Amino acid sequence: MGLLEKSLFGETPTVVCAEFLDALLADYPRRDFQVRLWDGTTCGTERQPRFTLVLKHPGALRAMFLSPSELALGEAYIDDDYDIEGDVEAAFDLADYLLGQERSLWQSLDLTARLQRLPGSDLPRTGLHPTGFPGPVHSKDRDRQAVRHHYDLPAEFYALWLDRRMVYSCAYFAKPEEDLDTAQVRKLDYICRKLRLRPGERLLDIGCGWGGLIMHAAAHYSVEAVGITLSVPQADVARKRLHESALNNRCRVEVCDYRDMEHDQQYDKIVSVGMFEHVGEELLPEYFRRACSLLRPGGVFLNHGIAYSANYRRRGPSFTDRYVFPDGELLPISTSLRAAELSGFEVRDVESLREHYALTLHHWVRRLEARAEEARRITNDNTYRIWRLYMAGAAHGFRTGRLNVYQTLLARPRHGDSGLPLTREDWYRV
Numbered sequence: 009m010g011l012l013e014k015s016l017f018g019e020t021p022t023v024v025c026a027e028f029l030d031a032l033l034a035d036y037p038r039r040d041f042q043v044r045l046w047d048g049t050t051c052g053t054e055r056q057p058r059f060t061l062v063l064k065h066p067g068a069l070r071a072m073f074l075s076p077s078e079l080a081l082g083e084a085y086i087d088d089d090y091d092i093e094g095d096v097e098a099a100f101d102l103a104d105y106l107l108g109q110e111r112s113l114w115q116s117l118d119l120t121a122r123l124q125r126l127p128g129s130d131l132p133r134t135g136l137h138p139t140g141f142p143g144p145v146h147s148k149d150r151d152r153q154a155v156r157h158h159y160d161l162p163a164e165f166y167a168l169w170l171d172r173r174m175v176y177s178c179a180y181f182a183k184p185e186e187d188l189d190t191a192q193v194r195k196l197d198y199i200c201r202k203l204r205l206r207p208g209e210r211l212l213d214i215g216c217g218w219g220g221l222i223m224h225a226a227a228h229y230s231v232e233a234v235g236i237t238l239s240v241p242q243a244d245v246a247r248k249r250l251h252e253s254a255l256n257n258r259c260r261v262e263v264c265d266y267r268d269m270e271h272d273q274q275y276d277k278i279v280s281v282g283m284f285e286h287v288g289e290e291l292l293p294e295y296f297r298r299a300c301s302l303l304r305p306g307g308v309f310l311n312h313g314i315a316y317s318a319n320y321r322r323r324g325p326s327f328t329d330r331y332v333f334p335d336g337e338l339l340p341i342s343t344s345l346r347a348a349e350l351s352g353f354e355v356r357d358v359e360s361l362r363e364h365y366a367l368t369l370h371h372w373v374r375r376l377e378a379r380a381e382e383a384r385r386i387t388n389d390n391t392y393r394i395w396r397l398y399m400a401g402a403a404h405g406f407r408t409g410r411l412n413v414y415q416t417l418l419a420r421p422r423h424g425d426s427g428l429p430l431t432r433e434d435w436y437r438v
């Protein structure tokens, strides 16, 4: 990058940082960002940068790169070793490059030697520790703790950046410039049309969040709906919203694990949106078998969940797994479809909404940033930084194809009769 000249008075931390960045970014093809050091020195593009990497102290690069990984970069951000001004999503292109480089032993040793010439940080660390829970992974008690870690933040925090209905899942956009509220209503209605809901049918929503989908289904399709969640605060908010909207006579929300649903409770249609990521590969057969047993013959189950590309191989520990979604597991869609079929379902439709989730997350990040001070007041600065980084990274993952999200329509045929029409035209009839 040609950042700085050596000081006449010796090698300062500013010069060491500049030389390290020169070596680290020598082959990086994009020059659309800027670096600003703790002393105000700026390096990089003279034009309007897409983002600015702000190093807060002389030991920032050492914290970020002495043991480089996604987790190390994330933890350095939480601890305010650096900040990202401008388009935080664009910074992940640079992060991919930095973590994906294959370096020779000599190059690695050279970079490490440069970092060791920098001071360690004398700033107090946050004391924040990665999340870990006792007990076997995906046991009922541990799943309850993991889910509540993520969803038991104050509802006011989520309300800052979600749409008016507090739908915490991928929206469905007709055009890229559409507003979030419109796209989320379109998604709710699209799901109801895919399920082909009819008045009087019984609908089960596994992982109902704050109740947005069951409220929409009851109000517009006249169904009897039950939602389940493991989060007590979510259930409390959902029940309050149902009462205020006078839908509590047709909807109810229970705090319940899907594994505890009684087999004699039969439903015409089942839906799960954004809960599937918490199930885990080992429990996929139980998850699908349980849904199949709760579904009447001739019914359908719409499973909406995030998946990893089968071609993606992560390097090192995951920031999101440690700080955001403990025990979460993302799997290729092929793994999920096989488990569903082996559990008695017929796969009727699979649709990717990848671009829609990238747009959704872009809205969420911008809305969170616009209300950053409120977010910090409701929670704290660590939480704000974790969620900003997590959602921006997820947006990047969907934009690049590393992540995908699928709506899978599964049928439980009655003696070979799916009960479904020959075409999907009714899904798109407005």
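Here our numbering is used: the first residue of the sequence shown is 9, the next is one more, and so on.
Think of the CB as a built atom: it goes at the ideal place given N, C-alpha and C, for glycine as much as any other residue.
Bear in mind the structure is a predicted one, so any value in this text is a computation, not a measurement.
- As a beta-bridge residue in DSSP terms, N412 pairs with A315.
- Listed in chain order, the non-local C-beta contacts of Q153 below 6 angstroms within the same chain comprise F141, local neighbours out to five positions each way being set aside.
- Between L428 and R396 the beta-carbon gap is near 42 angstroms, outside 8 angstroms, which marks them as no contact.
- The C-alpha of Q115 lies about 13 angstroms from the C-alpha of L106.
- Only buried fits H65, as 16 or more other CB atoms lie within 10 angstroms of its CB.
- Note on the stretch 201-247: whole beta strand (DSSP E) runs with a minimum of 3 residues are 210-214, 232-237, in chain order.
- If one requires a minimum length of 4 residues, the alpha helix (DSSP H) runs lying completely within the stretch 330-376 are 341-350, in chain order.
- In the structure shown, the three-state DSSP call for L45 is coil.
- Exclusion of the five residues before and after H371 leaves L188 as the residues of its chain whose Cβ lies within less than 7 angstroms of its Cβ.
- For H364, the number of other beta carbons within 10 angstroms of its own is at least 16, and it is reported as buried.
- Straight across, the Cα-Cα distance linking L303 with D434 is about 22 angstroms.
- For the stretch 143-179, the continuous alpha helix (DSSP H) assignments of 4+ residues that do not extend past its boundaries occur at 148-159, 163-169, in sequence order.
- In this structure, DSSP gives F309 an extended state, which the three-state scheme calls strand.
- For Y275, the three-state secondary structure derived from DSSP is strand.
- Closest option to I199, judged by alpha-carbon separation, among D40, A99, L310, L45: L310.
- Residue pairing of F59 in beta bridges, as defined by DSSP: F41, G94.
- Around the beta carbon of H312, 16 or more other beta carbons lie within 10 angstroms, which makes this residue buried.
- One thing to note: D213 has its Cβ no nearer than 8 angstroms to the Cβ of L205.
- V373 sits buried, since 16 or more C-beta atoms from the chains shown fall within 10 Å of its C-beta.
- V332 and S344 have their C-alpha atoms some 23 angstroms from each other.
- DSSP lists A233 as the beta-bridge partner residues of C259.
- Annotation: the continuous beta strand (DSSP E) that includes C51 extends over 50-52.
- Here R410 is not near S326, since their CB atoms are 8 angstroms or more apart.
- Of the other Cβ atoms in all chains shown, 16 or more fall within 10 Å of the Cβ of S351; this residue is therefore buried.
- Counting along the chain, T22 sits inside the alpha helix (DSSP H) bounded by residues 21-32.
- Boundaries cannot be given for D268, as no alpha helix (DSSP H) includes it and DSSP labels it neither H nor E.
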